[in-house]
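S.K.: 39 is the number of the first residue of the sequence shown in my numbering; add one for each residue after it. Beta carbons: idealized from backbone N, C-alpha and C, even for Gly. Below you'll find the structure I mean.
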Amino acid sequence: MSTSSKPLLSRVANSIYWMARYIERAENVARFIAVNQNLMLDMPRGYGDMWQPIVDATGDRALFLEHYGSATEENVIRFLAFDPQYPNSIYSCILSARENARSVRETISSEMWEQVNSLYLLITSESRKPVPEVLPEFCHHIREACHLFQGTTQVTLSHNEAWHFIRLGTTLERADKTTRILDVKYFILLPSISDVGTPYDDIQWAAVLKSVSGLEMYRKIYGRISPERIVEFLVLDGEFPRAVRFCVSRADQSLHGITGTPLGTFSCPSERNLGRLRAELDFSQVDHILKSGLHEFFDSLQTKMNTIDECILGDFFVQRPIARTAGG
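In structure tokens:
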């Protein structure tokens, strides 16, 4: 651990790390829902299945089918936004983030705690309303509240070990979700290969960029919509905050900030695996990624990030994150 300040107890580090991941996860789910709703307005009536792919992006398709069956708009929104039994719904993520935050109130700032409570009050209030009445304003309010939490963290918490655990959790969660939305678009969202290169294809790729708030920055760099350039931007860009490479780089910096080990070296499995992934992304080229298979690349990337998360659990934490139990 870094010697710049008193090392965190593993319980505290664990709760802070997962508080950050849960809030980032809630924001990303809100992004997916909002962008998909807007996408439906741009596509012709009756155009394919627009909601099942959003469930697929979570990796929880089987759980959804077990409890809801058909992927109607209302079912998917209920599942992803408000289902208290689904641990990755916006509702469950925010409640879990609040439980973790409450357990470390002596470590985080009072402003951070107040913002987590504001998120909690927002989601509990909105969950009582009929689904059609809460969107898209609801998704906007969730994203805005999550941004406020992240901004509050930046300016009210010392950039010490606790801050590094927060950034580590946030960036790893963000990188994972960027790979998932790209993977779903490339292999599932298009109902027919004949749509590739059509205006509908451009609309959907623009929706991918919007889902990570990247359309404006992408156009400033590349101009016209191009699947190859979008993959390059969202995977290999070193400056855009939601690009996978950017997130992995910042996670690596924070991990070394926690251990005090110089960058480029490692003292534990977490640093070794995260360093390998960072190097792989630093030296990757989009043409090679596409030639070897985009789905295979993302699948491998998600497996590596899962391994890193397991290593972080083993290297720093002694218990699982606080999460709500069914019906809790």
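Taking 8 Å as the cut-off, does the segment 315–335 touch the segment 185–204 (at least 3 CB pairs, one atom from each stretch)?
M.R.: Contact fails: fewer than three Cβ-Cβ distances are below 8 Å.
S.K.: Between the beta-carbon of Ile146 and the beta-carbon of Ala139, is there less than 8 Å?
M.R.: Cβ distance < 8 Å, so Ile146 and Ala139 count as in contact.
S.K.: Give, in chain order, every unbroken run of the alpha helix (DSSP H) that is at least 4 residues long and sits entirely within the segment 77–143.
M.R.: Here the runs fully enclosed are 90–96, 99–106, 111–115, 128–141.
S.K.: Grab the span of the alpha helix (DSSP H) containing Asn198 for me, first residue to last.
M.R.: Careful: Asn198 lies outside any alpha helix (DSSP H) and carries neither H nor E.
S.K.: For Gly252, does the count of other Cβ atoms within 10 angstroms reach 16, so buried, or fall short, so exposed?
M.R.: With 16 or more other Cβ atoms within 10 Å, it is buried.
S.K.: Under 8 Å between the Cβ atoms of Leu220 and Phe336?
M.R.: Yes, the Cβ-Cβ distance between Leu220 and Phe336 is below 8 Å.
S.K.: For a test of the three-state rule: what should DSSP assign to Leu47, helix, strand or coil?
M.R.: Leu47 falls in the coil class under three-state DSSP.
S.K.: So, using beta-carbon positions, are Phe354 and Ser48 closer together than 8 Å?
M.R.: Cβ distance < 8 Å, so Phe354 and Ser48 count as in contact.
S.K.: Please report the residue range of the alpha helix (DSSP H) in which Tyr289 lies.
M.R.: Note that residue 289 corresponds to Ala in the displayed sequence, not to Tyr. Here the alpha helix (DSSP H) through Ala289 covers 282–297.
S.K.: Rounded to whole angstroms, what's the CA-CA distance from Pro300 to His294? Just pull it up for me.
M.R.: Going by the C-alpha atoms only, they are around 7 Å apart.
S.K.: Please report the residue range of the alpha helix (DSSP H) in which Asp275 lies.
M.R.: That residue, Asp275, is in no alpha helix (DSSP H); it is neither H nor E in DSSP.
S.K.: Whole angstroms are fine: how far does the CA of Ile161 sit from the CA of Ser230?
M.R.: Any reading at Ser230 is ruled out, since the residue's pLDDT is 48, under 50, leaving its predicted position unreliable.
S.K.: Is the Cβ-Cβ distance between Ser53 and Ser141 less than 8 Å?
M.R.: Result yes, Cβ atoms of Ser53 and Ser141 sit closer than 8 Å.
S.K.: Which stretch, first to last residue, makes up the alpha helix (DSSP H) that contains Glu270?
M.R.: No alpha helix (DSSP H) contains Glu270, which DSSP labels as neither H nor E.
S.K.: Which value, in whole angstroms, describes the spacing of the CA atoms of His105 and Ile61?
M.R.: Their Cα atoms are separated by approximately 25 Å.
S.K.: Taking the alpha-carbon positions, what's the Val50 to Tyr260 distance?
M.R.: One C-alpha to the other measures close to 43 Å.
S.K.: Would the beta-carbon of Ser287 fall within 8 Å of that of Gly276?
M.R.: Yes, they are a contact pair.
S.K.: Tell me whether Pro265 sits in a helix, a strand or coil according to DSSP, three-state version.
M.R.: It is helical.
S.K.: The alpha helix (DSSP H) that contains Arg316, what's its start and end?
M.R.: Taken as a continuous stretch (DSSP letters only), the alpha helix (DSSP H) holding Arg316 covers 307–320.
S.K.: At what residues does the alpha helix (DSSP H) containing Gln340 begin and finish?
M.R.: Start and end: 332–354.
S.K.: Taking the C-alpha atoms as reference points, what is the distance between Trp34 and Leu46?
M.R.: Residue 34 lies beyond the residue range present for the chain, which begins at 39 and ends at 366; the question has no answer from this structure.
S.K.: Quick check on Ile146: does DSSP put it in helix, strand or coil?
M.R.: Three-state DSSP puts Ile146 in coil, outside helix and strand.
S.K.: Quick check: what's the CA-CA separation for Phe203 versus Tyr55?
M.R.: Roughly 5 Å separates the two Cα atoms.
S.K.: Counting C-beta neighbours from all protein chains within 10 Å, is the total for Thr297 16 or more, i.e. buried, or is it exposed?
M.R.: The residue in question, Thr297, is buried, as its Cβ has 16 or more Cβ neighbours within 10 Å.
S.K.: From what residue to what residue does the alpha helix (DSSP H) around Leu253 run?
M.R.: Where Leu253 is concerned, the enclosing alpha helix (DSSP H) stretches over 253–260.
S.K.: So, under 8 Å CB-CB, Gln153 and Leu186 are touching, yes? Tell me the CB distance rounded to an integer number of Å.
M.R.: Their Cβ separation, rounded to whole angstroms, is 6 Å, which keeps Gln153 and Leu186 in contact under 8 Å.
S.K.: Rounded to whole angstroms, what is the Cα-Cα separation between Arg59 and Ile241?
M.R.: Looking at the two C-alpha atoms, the distance is approximately 30 Å.
S.K.: If distances are taken between C-alpha atoms only, which option among Ile115, Trp89, Leu328, Leu315 comes closest to Val169?
M.R.: Of the listed residues, the one whose Cα sits closest to Val169 is Ile115.
S.K.: To the nearest angstrom, how far is it from the Cα of Glu112 to the Cα of Gly302?
M.R.: Cα-Cα distance, rounded: 48 Å.
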